[in-house]
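> Heads up: the sequence lines are chains A and B, in that order.
In terms of the working numbering, the first sequence opens at residue 10 and continues consecutively.
In terms of the working numbering, the second sequence opens at residue 9 and continues consecutively.
First, the structure itself, so that you have it in front of you.
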Amino acid sequence: MKFSTVLKIALMWLLFSAPAQATEEFALVKVIDPFIELHTGPGRGFPIFFVAEEGELIEILKSKTTWYKVRLRNQKEGWVNRKQLKKTLTLDDEKILLDDPDFDEYLKRNWELGVLNGDFEGASLISIYGGYHFTQNLTTELSISQALGNFSEVRMATLNIVNEPFPDLKPFSWLPYLDNTHLSPYFGIGAGVIETRPRAILVQTEDRNDNLLFVTTGAKIYLTRRFLLRLEYRKFVVLTDRNQNEDVEEWKLGFSIFF
Amino acid sequence: MEIRIQYIFLASFITISLAFAPTLSTAREVKGQNKEQPEKALQKEQTLEDASRNIEATKIVEPEIKRRQIDIADIDAQDMEIGLFVGQMNVEDFGTNTVVGLSLAYHVTEDIFVMASYGQTDADQTSFEAISGARLLTDDERELQYYDLNLGVNLLPGEGFIGRQLSYNSAFYGLIGVGSTDFAGDQRFTVSAAAGYRIVLKDWLALHVEVKDHVFDNDILGDDKTTHNISYKLGFSVFF
Numbered sequence: 010m011k012f013s014t015v016l017k018i019a020l021m022w023l024l025f026s027a028p029a030q031a032t033e034e035f036a037l038v039k040v041i042d043p044f045i046e047l048h049t050g051p052g053r054g055f056p057i058f059f060v061a062e063e064g065e066l067i068e069i070l071k072s073k074t075t076w077y078k079v080r081l082r083n084q085k086e087g088w089v090n091r092k093q094l095k096k097t098l099t100l101d102d103e104k105i106l107l108d109d110p111d112f113d114e115y116l117k118r119n120w121e122l123g124v125l126n127g128d129f130e131g132a133s134l135i136s137i138y139g140g141y142h143f144t145q146n147l148t149t150e151l152s153i154s155q156a157l158g159n160f161s162e163v164r165m166a167t168l169n170i171v172n173e174p175f176p177d178l179k180p181f182s183w184l185p186y187l188d189n190t191h192l193s194p195y196f197g198i199g200a201g202v203i204e205t206r207p208r209a210i211l212v213q214t215e216d217r218n219d220n221l222l223f224v225t226t227g228a229k230i231y232l233t234r235r236f237l238l239r240l241e242y243r244k245f246v247v248l249t250d251r252n253q254n255e256d257v258e259e260w261k262l263g264f265s266i267f268f
Numbered sequence: 009m010e011i012r013i014q015y016i017f018l019a020s021f022i023t024i025s026l027a028f029a030p031t032l033s034t035a036r037e038v039k040g041q042n043k044e045q046p047e048k049a050l051q052k053e054q055t056l057e058d059a060s061r062n063i064e065a066t067k068i069v070e071p072e073i074k075r076r077q078i079d080i081a082d083i084d085a086q087d088m089e090i091g092l093f094v095g096q097m098n099v100e101d102f103g104t105n106t107v108v109g110l111s112l113a114y115h116v117t118e119d120i121f122v123m124a125s126y127g128q129t130d131a132d133q134t135s136f137e138a139i140s141g142a143r144l145l146t147d148d149e150r151e152l153q154y155y156d157l158n159l160g161v162n163l164l165p166g167e168g169f170i171g172r173q174l175s176y177n178s179a180f181y182g183l184i185g186v187g188s189t190d191f192a193g194d195q196r197f198t199v200s201a202a203a204g205y206r207i208v209l210k211d212w213l214a215l216h217v218e219v220k221d222h223v224f225d226n227d228i229l230g231d232d233k234t235t236h237n238i239s240y241k242l243g244f245s246v247f248f
């Protein structure tokens, strides 16, 4: 497409879309691939109903997962996959940079949120946590857990510090299918509080509040996009006010998303 | 970069042609389109030969659109979904009542999402209570509240049609989760599984129909008993 045509289109666009532009501004990019495909919905299975040709200017309205809603000059709106949109340019002829939460993003992540399910000394455990990464290797995490057993309900809040010595280890590179699996082992220590509430069905005993210390180890496996699988083991020492401290073991498995 | 160099050449060409060769036909073409002349250009010498080579450049003057620097990463990502639902929930042995609740989801990919939900309902009397007049639970203990944390998978995404003109994106989805149910004075570990259908009415609005089985152990009537508590509900959610 010639520049004069672009000029005309741009002028027309300036004239006719001025009110819309005043309300909201969207990123404007130019297609440099021979064409990009517009789907009716944000998913690979949705039919392609239109193609935008090389040189066409498109507006990016919003995104859903890896799909971007775009608007063409003729006001047609459709969904384009990130892979295709990456092959477009901004108006300044610079390569467009899409926030692509791929593995590099995973290594640079700041925040992590996750849910884990497991076993706390025979009781079923549900745990949620949030983590902040100071560096690739060092993270602090706050977690809140609830363990439901036959005789008591346990509530815990813990704060820990975790070291990931090898954030991008590929331990299965010799295996087919799993060769691209990134696994990051970690170790940590932490402290927290634990509240034990005996079940109502038992003879009423008092709730107990104790402090605890623990060591932890586990692994994070990068799955896809913003998704991690996490396996963790913790060994607690509950500092009771009785004669002996209690040792408790915990296993859990879950998933996390990161930002 | 190339264009900038061309500009410099072009500018000098125009100045020279304006000053010394007003009759040069090619120069006239250029005159109207380039009013801004960098002063520096005067310092450079330029031959007519160079100038005529640059006539091509006069045709590729860039449109004077206001350049908008918008960070692509700032594009409104609507991966979060918050919703409200209402329906009926059966509590095994304790009848069926209205359940209300809310849910929060994050769509990781087009196939996978994570969802947290909270709901509450009331339990009626058991048949035993109704016949004998005995009371197994206090009113307070009859209030059931649950939360669960789920992993969801979108299955069979597609479009649903209403008549000839309207079509809506939709998907079946499956959920599996763990959580806790607060019922009869105790928190009970609960495993839940659900199947639902989501119709996306607008980009930001969806309608859900969902059936969920909440499985937990109940020992109110003596022995530990695994109960299946089914809820079905209708909900709206908003993407943000």
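No residue lacks a Cβ here, since even glycine has one placed at the ideal position from N, Cα and C.
1. What residue range is occupied by the uninterrupted alpha helix (DSSP H) comprising Y240(B)?
2. Residues of chain A with CB under 8 angstroms from H115(B), in chain order?
3. Using DSSP's beta-bridge definition, name the partner residues of Q153(B).
4. Please confirm whether S237(B) has its beta-carbon closer than 9 angstroms to some beta-carbon of chain A.
5. Am I right that Q93(A) and I45(A) are in contact with their C-beta atoms under 8 angstroms? What's the rounded C-beta distance?
6. Beta-carbon of A192(B) versus every beta-carbon of chain A: anything under 9 angstroms?
7. Can you name, in chain order, every residue of its own chain whose Cβ lies under 6 angstroms from the Cβ of Y138(A), other than the five neighbours on each side?
8. Can you check which of these residues, Y77(A), K73(A), L66(A) and A36(A), is closest to L47(A) by C-alpha distance?
9. Short of 7 angstroms in beta carbon distance, which residues of its chain neighbour L209(B), apart from the five on each side in sequence? Order them along the chain.
10. Quick one: is K92(A) near chain B, going by C-beta distance under 9 angstroms?
11. Compare the Cα-Cα distances from V224(A) to each of G197(A), E62(A), L168(A) and N254(A) and report the closest residue.
12. DSSP has V163(A) in a bridge; who is on the other side?
13. Give the straight-line distance between the Cα atoms of E89(B) and S140(B), rounded to the nearest whole angstrom.
14. Just checking: is the beta-carbon of I207(B) within a distance shorter than 9 angstroms of some beta-carbon in chain A?
15. For the alpha helix (DSSP H) that contains Q93(A), what are its first and last residues?
16. If the cut-off is 7 angstroms on Cβ atoms, which residues from the region 111-136 of chain A count as contacting chain B, listed in chain order?
17. Please list, in chain order, the residues of the region 160-174 of chain B that have any C-beta partner in chain A closer than 7 angstroms.
18. According to DSSP, simplified to helix, strand and coil, what is A142(B)?
19. Any beta-carbon of chain B closer than 9 angstroms to the one on E259(A)?
20. Going by the beta-carbon positions, is the gap between L81(A) and K39(A) smaller than 9 angstroms?
21. When burial is assigned at 16 or more other CB atoms within 10 Å of the CB, is F56(A) buried or exposed?
22. Could you tell me the distance, in whole angstroms, from the CA atom of F121(B) to the CA atom of R150(B)?
23. Mapping the DSSP letters down to three states, classify F224(B) as helix, strand or coil.
24. Over what stretch of residues does the alpha helix (DSSP H) that includes Y186(A) continue unbroken?
25. Closest to K52(A) by C-alpha separation, out of V94(B), H115(B) and L110(B), would be which residue?
26. Jot down the residue ranges of each uninterrupted beta strand (DSSP E) in the region 49-77 of chain A, minimum 3 residues, whole runs only, in chain order.
27. Mind checking who N83(A) pairs with in its DSSP beta bridge?
Answer, in terms of the structure:
1. Position 232 of the second sequence, counted from the first residue, corresponds to residue 240(B). Taken as a continuous stretch (DSSP letters only), Y240(B) belongs to no alpha helix (DSSP H), being part of the beta strand (DSSP E) at K233 to F247.
2. Your numbering for residue 115(B) matches position 107 in the second sequence. Result: K73 and T74.
3. For the purposes of this step, residue 153(B) is taken as residue 145 along the second sequence, with counting starting at 1. Note: Q153(B) sits in a beta bridge opposite Q128(B) and D190(B).
4. On the second sequence, residue 237(B) is found 229 positions in, with the first residue counted as 1. Correcting the residue identity first, residue 237(B) is Asn in this sequence and not Ser. Among the CB atoms of chain A, none fall inside 9 angstroms of the CB of N237(B).
5. Here residue 93(A) refers to the residue found at position 84 of the first sequence. Here residue 45(A) refers to the residue found at position 36 of the first sequence. Confirmed, about 5 angstroms.
6. Within the second sequence, numbered from 1, the residue matching residue 192(B) stands at position 184. For A192(B), the nearest CB of chain A lies under 9 angstroms from its own CB, placing it at the interface with that chain.
7. Reading the first sequence from its first residue, position 129 is the one you call residue 138(A). These residues qualify, in order along the chain: G123, E150 and S152.
8. Reading the first sequence from its first residue, position 38 is the one you call residue 47(A). When only C-alpha atoms are compared, the closest one is Y77(A).
9. Translated into the one-based positions of the second sequence, residue 209(B) becomes position 201. Here the set comprises Y176 and L215.
10. Taking the first sequence and counting its residues from 1, the one referred to as residue 92(A) is at position 83. With 9 angstroms as the cut-off, K92(A) does not count as an interface residue toward chain B.
11. The residue you call residue 224(A) lines up with position 215 of the first sequence. Ranking G197(A), E62(A), L168(A) and N254(A) by CA distance to the CA of V224(A) puts G197(A) first.
12. One-based indexing of the first sequence puts residue 163(A) at position 154. Beta-bridge partners assigned by DSSP to V163(A): A156(A) and T205(A).
13. Locating residue 89(B) in the second sequence gives position 81, where the first residue counts as 1. Locating residue 140(B) in the second sequence gives position 132, where the first residue counts as 1. Approximately 47 angstroms between the Cα atoms of the pair.
14. In the second sequence, the residue the question calls residue 207(B) occupies position 199. For I207(B), the answer is no, since every Cβ of chain A falls outside 9 angstroms of its Cβ.
15. Reading the first sequence from its first residue, position 84 is the one you call residue 93(A). For Q93(A), the enclosing alpha helix (DSSP H) covers residues R91 to L94.
16. Taking 7 angstroms as the Cβ-Cβ cut-off against chain B, the residues of the region 111-136 of chain A that qualify are V124, N126, S133 and I135.
17. Flagged, chain order: P165, G166 and E167.
18. As a first step, residue 142(B) is located in the second sequence; it is residue number 134 there, counting from the start. Residue state, collapsed to three classes: coil.
19. Position 250 of the first sequence, counted from the first residue, corresponds to residue 259(A). No, E259(A) does not count as interfacial toward chain B.
20. Position 72 of the first sequence, counting from 1, holds the residue named residue 81(A). Position 30 of the first sequence, counting from 1, holds the residue named residue 39(A). Not closer than 9 angstroms, so no.
21. Along the first sequence, one-based indexing puts residue 56(A) at 47. Sequence check: residue 56(A) is Pro here, not Phe. Using a 10 angstroms sphere on the CB of P56(A), the tally of other CB atoms stays under 16, which defines it as exposed.
22. Counting from 1 along the second sequence, the entry for residue 121(B) is found at position 113. Counting from 1 along the second sequence, the entry for residue 150(B) is found at position 142. Using only the alpha carbons, I get a separation of about 32 angstroms.
23. As a working note, residue 224(B) is residue 216 in the second sequence. Note: F224(B) maps to strand in three-state DSSP.
24. Working through the first sequence from its first residue, we reach residue 186(A) at position 177. Run containing Y186(A): none; DSSP gives neither H nor E here.
25. To locate residue 52(A), count along the first sequence from 1; it is residue 43. Looking at the sequence provided, one finds Gly at residue 52(A) rather than Lys. G52(A) has its Cα closest to that of H115(B), out of V94(B), H115(B) and L110(B).
26. List check, beta strand (DSSP E) in window: 57-62 and 66-73.
27. Here residue 83(A) is taken as the residue at index 74 of the first sequence, counted from 1. N83(A) pairs with nothing; no bridge assigned.
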